[in-house]
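J.: Got a structure for you, questions after.
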Amino acid sequence: MQEQTNRLIESRGEKIFNSLMIIIGIIICIITFYPIYYTFIASISKPLYVSNGSVTFLPHGINFESYKVAITDKAIWIAFTNTLFYTIFGVTVNLLFTMTMAYALSKKRLFLRKQLTLFTVFTMWFSAGIIPLFIAFKDYGLLNTRTSIIFGFAINTYNLIILKSFFEQVPNSLEEAAFMDGASNIRILFSIYLPLSKPALATIGMFYAVNRWNGYFWAMNLIRDDNKMPLQVLLKKLIVDRVANETEAAIITSQSMSSPLTIIYAIIIIAIIPMMIAYPFIQKYFKSGLTIGAVKG
3 MQEQTNRLIE SRGEKIFNSL MIIIGIIICI ITFYPIYYTF IASISKPLYV SNGSVTFLPH
63 GINFESYKVA ITDKAIWIAF TNTLFYTIFG VTVNLLFTMT MAYALSKKRL FLRKQLTLFT
123 VFTMWFSAGI IPLFIAFKDY GLLNTRTSII FGFAINTYNL IILKSFFEQV PNSLEEAAFM
183 DGASNIRILF SIYLPLSKPA LATIGMFYAV NRWNGYFWAM NLIRDDNKMP LQVLLKKLIV
243 DRVANETEAA IITSQSMSSP LTIIYAIIII AIIPMMIAYP FIQKYFKSGL TIGAVKG
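Those letters in the sequence shown? Residues 3 to 299, by my numbering.
This is the structure we're talking about:
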């Protein structure tokens, strides 16, 4: 009887806990989603309603003039293409460098493996800093080059550790059998390890892609040519220009269909669409991919 009572109490406690978790989850989702939602409804509203604070939960004066202006602006398409270029080739370089180094560090036969692993992990805790890194780019002649963006940040140590831990879980018998058949390390990596590592590769690939797509700080400091500028840097430039333009509010009327602010909102929506489209296809790998790093260090 006592055991049934404890089970009933536990069941009630679990229900209360689950209900609280659901409520908290809904609140977090609303807080997270609302800025994106507001950006969208502001981008399709008349500038006058946006500037006077009338747009909060519903759009007013719905129109798509801001999107029309955005997609017909040559500078935006150049920046969008640059971002796409940096993301595609950057993620390719990221994955290639990360998986080859992770494979090497996952092998116990590697000379000075522990020391090299410690040296690699050390970079997660300490770094030279922004100014020394910028000076290094300058001394190597990488300022205002696409190479600095693509190859300058080829490996993220956290992602490297995730992939290394995954490789360590692959049975050694598979590698030994491949060696007996005369396969090289490169052949083993690409024919055995990578096909078995899709969850980890998809996870770190998405991490790299998001960082590449949203990255602007180093691109802002390293790139000077507008034709090489990514979309996020262009957005930052537009925002700064708008803040500097004190006459914007005076030229907004009830007939205005777009303004620098609503155009910025439209560009933001255009910028986040690719990642929102890609995420659902990668999400199924996240659970297995993210828990890998917790198994082994």
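We treat Cβ as the ideally placed atom computed from N, Cα and C, and that holds for glycine.
Using the rule of at least 16 other Cβ atoms within 10 Å of the residue's Cβ for burial, across every protein chain shown, is Ile279 buried or exposed?
T.: Here residue 279 is taken as the residue at index 277 of the sequence shown, counted from 1. Classification for Ile279: exposed.
J.: Got a sec? Which residues, its chain only, sit under 8 angstroms from Phe87 by beta carbon, not counting five neighbours each side?
T.: As a working note, residue 87 is residue 85 in the sequence shown. Taken in chain order, the residues that qualify are Arg148.
J.: Which same chain residues, not among the five before or five after Thr100, have their C-beta less than 7 angstroms away from its C-beta?
T.: Walking along the sequence shown from the start, residue 100 turns up at place 98. Here the set comprises Ile157, Asn161, Leu162, Leu165 and Ile206.
J.: Give the secondary structure of Asn65 by DSSP, where H, G and I count as helix, E and B as strand, and everything else as coil.
T.: In the sequence shown, the residue the question calls residue 65 occupies position 63. Here Asn65 sits in coil by DSSP.
J.: Buried or exposed for Met208, please, with buried defined as at least 16 other CB atoms from any protein chain shown within 10 angstroms of its CB.
T.: On the sequence shown, position 206 is the one that residue 208 refers to. By the Cβ-count criterion, Met208 is buried, with 16 or more other Cβ atoms from all chains shown falling within 10 Å of its own Cβ.
J.: Indicate whether Leu224 and Leu112 have their beta-carbon atoms separated by less than 8 angstroms.
T.: Mapped onto the sequence shown, residue 224 falls at position 222. Mapped onto the sequence shown, residue 112 falls at position 110. Cβ distance not < 8 angstroms, so Leu224 and Leu112 don't count as in contact.
J.: Which term fits Leu60, buried or exposed, when burial requires 16 or more other beta carbons within 10 angstroms of its beta carbon?
T.: By 1-based counting over the sequence shown, the position of residue 60 is 58. Exposed: under 16 other Cβ atoms inside 10 Å.
J.: Would you kindly check if the distance between the Cβ of Ala221 and the Cβ of Ile132 is under 8 angstroms?
T.: Looking up residue 132 in the sequence shown gives position 130. Looking up residue 221 in the sequence shown gives position 219. Cβ distance not < 8 angstroms, so Ile132 and Ala221 don't count as in contact.
J.: Tell me, please, whether the stretch 267-279 touches the stretch 28-41 by the rule of three or more beta-carbon pairs shorter than 8 angstroms.
T.: yes
J.: Taking just the CA atoms, how far does Tyr210 sit from Thr159?
T.: Stepping through the sequence shown from its first residue, residue 159 is reached at position 157. Stepping through the sequence shown from its first residue, residue 210 is reached at position 208. Looking at the two C-alpha atoms, the distance is approximately 12 angstroms.
J.: Whole angstroms is fine: what's the gap from Ile29's alpha carbon to Ile266's?
T.: Within the sequence shown, residue 29 is the residue found at index 27, counting from 1. Within the sequence shown, residue 266 is the residue found at index 264, counting from 1. Those two C-alpha atoms are separated by around 27 angstroms.
J.: Find the nearest neighbour of Asp75 within the set Leu237, Leu114 and Ser258, judged by alpha-carbon distance.
T.: Counting from 1 along the sequence shown, the entry for residue 75 is found at position 73. That would be Leu237, whose Cα lies nearest to the Cα of Asp75.
J.: Any heavy atom of the ligand GDP closer than 7 angstroms to the beta-carbon of Asn54?
T.: As presented, the structure is devoid of all ligands, the ligand GDP included, so that no description of it is given.
J.: Using a Cβ-Cβ cutoff of less than 6 angstroms, which residues in the same chain neighbour Phe82 once the five nearest sequence positions on both sides are dropped?
T.: Translated into the one-based positions of the sequence shown, residue 82 becomes position 80. Here the set comprises Leu233.
J.: To test your reading of the DSSP string, which unbroken beta strand (DSSP E) runs of 3 or more residues are found completely within the stretch 190-259?
T.: none
J.: Count the other CB atoms within 10 Å of the CB of Ala130; is the residue buried (16 or more) or exposed (fewer)?
T.: Reading the sequence shown from its first residue, position 128 is the one you call residue 130. Answer is exposed; the Cβ neighbour count stays below 16.
J.: Does the distance from the CB of Ser45 to the CB of Ile271 come in under 8 angstroms?
T.: Along the sequence shown, one-based indexing puts residue 45 at 43. Along the sequence shown, one-based indexing puts residue 271 at 269. In this structure, Ile271 lies closer than 8 angstroms to Ser45 by Cβ.
J.: So what's Val57 in DSSP terms, helix, strand or just coil?
T.: Stepping through the sequence shown from its first residue, residue 57 is reached at position 55. Coil at Val57, not helix or strand.
J.: Whether or not the stretch 172-179 and the stretch 192-202 are in contact is what I'm after, with contact meaning three or more pairs of Cβ atoms, one per stretch, closer than 8 angstroms; do they touch?
T.: yes
J.: Can the beta-carbon of Ala268 be found less than 8 angstroms from the beta-carbon of Tyr69?
T.: By 1-based counting over the sequence shown, the position of residue 268 is 266. By 1-based counting over the sequence shown, the position of residue 69 is 67. In this structure, Tyr69 lies closer than 8 angstroms to Ala268 by Cβ.
J.: When DSSP labels each residue in this structure, what does Arg111 get in the three-state scheme?
T.: Mapped onto the sequence shown, residue 111 falls at position 109. Residue state, collapsed to three classes: coil.
J.: Would you kindly work out how many angstroms separate the C-alpha atoms of Lys116 and Met23, rounded to a whole number?
T.: Indexing the sequence shown from 1 puts residue 116 at position 114. Indexing the sequence shown from 1 puts residue 23 at position 21. Approximately 42 angstroms, taken between the alpha carbons.
J.: Which class does Lys48 belong to by DSSP, given the choice of helix, strand or coil?
T.: The residue given as residue 48 occupies position 46 in the sequence shown. Residue state, collapsed to three classes: coil.
J.: Given a cut-off of 8 angstroms, decide if Leu263 and Val319 are closer than it, judged by their beta-carbon atoms.
T.: Absent from the model: residue 319. The displayed extent of the chain is 3 to 299, so no value can be given.
J.: Near Asn65, what residues of its chain come up, given a Cβ to Cβ distance below 6 angstroms and the 5 sequence neighbours on each side ignored?
T.: In the sequence shown, counting from the first residue as 1, residue 65 sits at position 63. Only residues of its own chain outside the window of five on either side were considered, and among them Met259 have a CB closer than 6 angstroms to the CB of Asn65, listed in chain order.
J.: Tell me the DSSP secondary structure of Ser167 in three-state form.
T.: Your numbering for residue 167 matches position 165 in the sequence shown. Three-state DSSP puts Ser167 in a helix.
J.: Would Met231 be called buried (16 or more neighbouring beta carbons within 10 Å of its own) or exposed?
T.: The count along the sequence shown starts at 1 and reaches residue 231 at position 229. So Met231 counts as buried.
J.: What whole-angstrom Cβ distance do Leu107 and Leu120 have, given they're in contact under 8 angstroms?
T.: To locate residue 107, count along the sequence shown from 1; it is residue 105. To locate residue 120, count along the sequence shown from 1; it is residue 118. With 8 angstroms as the limit, Leu107 and Leu120 do not qualify as a contact, their Cβ atoms being about 11 angstroms apart.
J.: Do Ala32 and Asn229 have their CB atoms nearer than 8 angstroms?
T.: Taking the sequence shown and counting its residues from 1, the one referred to as residue 32 is at position 30. Taking the sequence shown and counting its residues from 1, the one referred to as residue 229 is at position 227. In the sequence under discussion, the amino acid at residue 32 is Ile, which differs from the Ala named in the question. In this structure, Ile32 lies away from Asn229, with their beta-carbon atoms at least 8 angstroms apart.
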